[in-house]
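Worksheet: the structure to be examined is printed underneath.
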Amino acid sequence: MYISSTRCSTRPACHVRVRLADGGAVILRPLRGGEIHVLETVFEGLSAQSRQQRFLVPTPRLSGSARRALADVDGRDHVAWVAMTDGEPVGICRYVRTGPETAEIAFEVVDAHQGRGIGSALVDAVTTVARANGITRLEATVDPGNRASVTMLGRLGVRLAMDDGLLEGNSAFSLLDPPSPVDRGAVRSLAAELAAELATVG
Numbered sequence: 011m012y013i014s015s016t017r018c019s020t021r022p023a024c025h026v027r028v029r030l031a032d033g034g035a036v037i038l039r040p041l042r043g044g045e046i047h048v049l050e051t052v053f054e055g056l057s058a059q060s061r062q063q064r065f066l067v068p069t070p071r072l073s074g075s076a077r078r079a080l081a082d083v084d085g086r087d088h089v090a091w092v093a094m095t096d097g098e099p100v101g102i103c104r105y106v107r108t109g110p111e112t113a114e115i116a117f118e119v120v121d122a123h124q125g126r127g128i129g130s131a132l133v134d135a136v137t138t139v140a141r142a143n144g145i146t147r148l149e150a151t152v153d154p155g156n157r158a159s160v161t162m163l164g165r166l167g168v169r170l171a172m173d174d175g176l177l178e179g180n181s182a183f184s185l186l187d188p189p190s191p192v193d194r195g196a197v198r199s200l201a202a203e204l205a206a207e208l209a210t211v212g
């Protein structure tokens, strides 16, 4: 079950807390623009195989331009949420709008915390925000060996087909059913607060 949420308009500690199936808990919160250290910490926790499955090519390091692009979130067209345990980032899920109602989705969880349901919680949060922001279709390009992503996209209703050695998908999506133990109402509220804040700053 969902444990609690925090509402605080402009403080980066705002979060949604989720109880995982193994009895542990994870904190979910929006990634804020420029939080490159969060990206680097999650990247360092990925094995070489996990990095290749996420970025589709061998990726021993993130370039400066990649770091900046991944951290350039705006709360509407590029949204990313981070999962935290014991104060450390352990996973990220994001969508990037590619059309009026279409977005590309991707997620990664550090190897030490894979299999705990963190990916499901992140994907549930990010697709909830996507739907609230008018996204009705998801795109994805997946390494065929990335079973976690293939399974997750299937749960969202995204159909995948092989194309030049990779699995490609672009279809309407549904929110996870059964859902992860995430309070979607709290996610929508927190995302809306951050988007409003970013719009004001912009």
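With our numbering applied, the sequence shown covers 11 to 212.
Glycine included, C-beta positions come from ideal geometry on N, C-alpha and C.
The model shown is predicted, which means the values in this text are computed figures rather than measured ones.
Check	Outcome
Proximity of GLU118 and GLY101 at Cβ, strictly below 8 Å	yes
Residues near ASP87 in its chain [Cβ-Cβ closer than 6 Å; skip 5 each side]	ARG107
Collapsed DSSP secondary structure at THR151 in the structure displayed	strand
Cα-Cα separation between ASN143 and ARG126, rounded to whole angstroms	28 Å
Extent of the continuous beta strand (DSSP E) run through SER181	176-182
Own chain residues within Cβ distance below 6 Å of CYS103, not counting five before or after	TRP91, PHE117, LEU132, VAL133, VAL136
Whole-angstrom distance between ARG77 and VAL36, CA atom to CA atom	24 Å
Pick from ARG198, SER57, SER184 that is closest to THR69, judged by C-alpha positions	SER57
Contact belief for VAL197 with VAL26 at Cβ below 8 Å, rounded distance in angstroms	6 Å
Beta-carbon proximity list for GLN62, same chain, < 8 Å, skipping 5 on both sides	PRO68, THR69, ASP153
Under the three-state DSSP convention, the category THR69 falls into	coil
ASN180 and ARG147 closer than 8 Å at C-beta	yes
Coarse secondary structure for SER14, derived from DSSP in three states	Caution applies to SER14, whose pLDDT of 34 falls short of 50 and renders its modelled position unreliable; the value that the coordinates give is listed next. In the structure shown, SER14 sits in a strand (DSSP, three-state: E or B).
Rounded C-alpha distance that separates ILE128 from GLY85	21 Å
Sequence-distant residues of the same chain with beta carbon closer than 6 Å to LEU72, five excluded per side	PHE53
Residue nearest to THR51 in terms of C-alpha spacing, selected from ARG169, PRO99, ALA31	PRO99
Beta-carbon spacing of GLU178, ILE145 below 8 Å	no
Residues near GLY167 in its chain [Cβ-Cβ closer than 6 Å; skip 5 each side]	PHE183, SER184
Range of the contiguous alpha helix (DSSP H) that encloses HIS25	HIS25 -> no alpha helix (DSSP H), and no H or E assigned at all.
Cβ-Cβ distance between GLY109 and VAL83 below 8 Å	no
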